[in-house]
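Asker:
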Amino acid sequence: MSVALPIPGYPGRILAVTLPAGPGGTPVTVGGQNALPLLPEGEHPNAPAVGMEIRTGPQELPPALAGTIGPFAGDPAAMARKCSGSWGARFLFLSLAGCHPDAGGQSASEGAAVVREVLSATPAPVIVGGCGDEEVDARLFPAVAEAALRPVFLSYAEEKNYRLVAGAALAYGHGVVSWSPIDINMAKQMNLLLGDLGFPPDRVLIDPLTGGLGYGMEYTFSIVERIRLAGLSGDAALARPVLCHLGDAWKAREATDASEGAWGDVIARGQRWEETTGIACLAAGADLLVCRHPSSVARLSGAAWR
1370 MSVALPIPGY PGRILAVTLP AGPGGTPVTV GGQNALPLLP EGEHPNAPAV
1420 GMEIRTGPQE LPPALAGTIG PFAGDPAAMA RKCSGSWGAR FLFLSLAGCH
1470 PDAGGQSASE GAAVVREVLS ATPAPVIVGG CGDEEVDARL FPAVAEAALR
1520 PVFLSYAEEK NYRLVAGAAL AYGHGVVSWS PIDINMAKQM NLLLGDLGFP
1570 PDRVLIDPLT GGLGYGMEYT FSIVERIRLA GLSGDAALAR PVLCHLGDAW
1620 KAREATDASE GAWGDVIARG QRWEETTGIA CLAAGADLLV CRHPSSVARL
1670 SGAAWR
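Residue numbering for the sequence shown follows our numbering, beginning at 1370 and increasing consecutively.
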């Protein structure tokens, strides 16, 4: 006698979003599912994608990162080729941190030139992040949007700057990453505001702010899970793919402190810290993960739902 399993169904479906690639590259499509991750139910047409961060400007790298990405400091184009090549990143997150007044103070035109170099170096999909200074980013995003050789995603649009970022993206055919500070109501409001501007919903990703393991991970897990459940339950404003940036994992003392020998090898410990953060994000419902260590790309790609 066969027994029918009580598999739940959801009225909603997460919108599929594609990160465009350059000539010869492979676009990345995420979303499209109508069920929760890591469960044998529903449809999951697109696996989560794992990418890597490239950061401009001076950096103080922990031991686990210094030996891998350290040699590429100051050469974003070379790192882009490495990330999308032998390191296996499906997309790149280019953070223009070097434009911040406290991190080199590159001009908007210099930041835009870096974007052009990276886009010329690799056909992989690219998300371009600002420097975090409101005044600088107000000049930087329009310059990047105009200079980009092909469609990218601009990160990020938040309550203070969404009109400027969305306007620049609309003018040149780019997508945007909608950011909110671990707040589901703000995440929904940001997408509604972008919709009011006429921004296409299939060019919007949600960044709910990711706290690393031991650095706020439980808050991020809860919000990502709630966003995903709301989207599957029919809330169109939250039925968007979620991006989680794992960089905060490296801010935890346990990930970088080499003085605590009892904690084990600091190199392996840092890698495991980022990977554990990423696995938690995948379990909560994340569609895109941004890593800093190349080993995390392989491990998290293997853990992603297929």
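Glycine included, each C-beta is placed from N, C-alpha and C at the ideal position.
1. Where do the ends of the beta strand (DSSP E) carrying Ile-1496 lie?
2. Just checking, does the stretch 1593 to 1601 make contact with the stretch 1625 to 1638 on the three C-beta pairs under 8 Å criterion?
3. Rounded to whole angstroms, what's the CA-CA distance from Tyr-1541 to Arg-1572? Just pull it up for me.
4. Return the chain-ordered ranges of every alpha helix (DSSP H) run that is complete within the stretch 1404 to 1453 and spans a minimum of 4 residues.
5. What span of residues does the beta strand (DSSP E) with Val-1573 cover, start to end?
6. Within 10 Å of its beta-carbon, does Asn-1415 have 16 or more other beta-carbons around it, so buried, or fewer, so exposed?
7. Determine the extent of the alpha helix (DSSP H) in which Trp-1642 is found, giving its start and end residues.
8. Among Ala-1652, Thr-1646 and Val-1386, which one has its Cα closest to the Cα of Arg-1661?
9. Evaluate Lys-1451 with the Cβ neighbour count: other Cβ atoms within 10 Å of its Cβ, from every protein chain shown; 16 or more gives buried, anything less gives exposed.
10. Short check: CB of Ala-1618 to CB of Glu-1587, under 8 Å?
11. What are the start and end residues of the beta strand (DSSP E) that includes Ser-1547?
12. Three-state secondary structure (DSSP) at Phe-1590?
13. CB-CB under 6 Å to Ser-1724, same chain, minus the five flanking residues each way: which ones, in chain order?
14. Give me, in chain order, the residues of the same chain whose beta-carbon lies closer than 6 Å to that of Phe-1522; leave out the 5 immediate sequence neighbours on both sides.
15. Can you tell me the Cβ-Cβ gap for Phe-1568 and Ala-1535, rounded? I've got them flagged as a contact below 8 Å.
16. Could you name the residues of the same chain whose beta carbon sits closer than 6 Å to that of Ala-1458, not counting the 5 residues immediately before and after it, in chain order?
17. Determine the DSSP secondary structure at Phe-1510, reduced to helix, strand or coil.
18. When you compare the CB positions of Leu-1657 and Pro-1610, do they come within less than 8 Å of one another, or not?
Answerer: In terms of the structure at hand:
1. Numbered from 1 along the sequence shown, position 127 holds the residue referred to as residue 1496. First-last of the beta strand (DSSP E) with Ile-1496: 1495 to 1498.
2. no
3. For the purposes of this step, residue 1541 is taken as residue 172 along the sequence shown, with counting starting at 1. For the purposes of this step, residue 1572 is taken as residue 203 along the sequence shown, with counting starting at 1. Cα to Cα, the separation comes out at about 13 Å.
4. 1432 to 1435 and 1445 to 1453
5. Position 204 of the sequence shown, counting from 1, holds the residue named residue 1573. Counting along the chain, the beta strand (DSSP E) containing Val-1573 begins and ends at 1573 to 1576.
6. Walking along the sequence shown from the start, residue 1415 turns up at place 46. Flag for Asn-1415 reads buried.
7. Sequence index remark: in the sequence shown, residue 1642 carries index 273 (1-based). Segment 1635 to 1653, the alpha helix (DSSP H) holding Trp-1642.
8. Position 292 of the sequence shown, counted from the start, is the residue given in the question as residue 1661. Cα-wise, what sits closest to Arg-1661 is Thr-1646.
9. In the sequence shown, the residue the question calls residue 1451 occupies position 82. Label assigned to Lys-1451: buried.
10. Position 249 of the sequence shown, counted from the first residue, corresponds to residue 1618. Position 218 of the sequence shown, counted from the first residue, corresponds to residue 1587. No, they are not a contact pair.
11. Within the sequence shown, numbered from 1, the residue matching residue 1547 stands at position 178. Segment 1544 to 1548, the beta strand (DSSP E) holding Ser-1547.
12. Working through the sequence shown from its first residue, we reach residue 1590 at position 221. Three-state result, Phe-1590: helix.
13. This structure cannot settle anything about residue 1724, because the visible part of the chain is limited to 1370 through 1675.
14. Along the sequence shown, read from residue 1 onward, the residue named residue 1522 stands at position 153. The residues are Ile-1496, Gly-1544 and Val-1546.
15. If you number the sequence shown from 1, residue 1568 lands on position 199. If you number the sequence shown from 1, residue 1535 lands on position 166. That belief holds up - the Cβ atoms of Phe-1568 and Ala-1535 are roughly 5 Å apart, short of 8 Å.
16. In the sequence shown, counting from the first residue as 1, residue 1458 sits at position 89. Here the set comprises Gly-1420, Met-1421, Cys-1452 and Val-1666.
17. Residue 1510 sits at position 141 when you count from the first residue of the sequence shown. Helix at Phe-1510.
18. As a position in the sequence shown, residue 1657 is number 288, starting the count at 1. As a position in the sequence shown, residue 1610 is number 241, starting the count at 1. Result yes, Cβ atoms of Leu-1657 and Pro-1610 sit closer than 8 Å.
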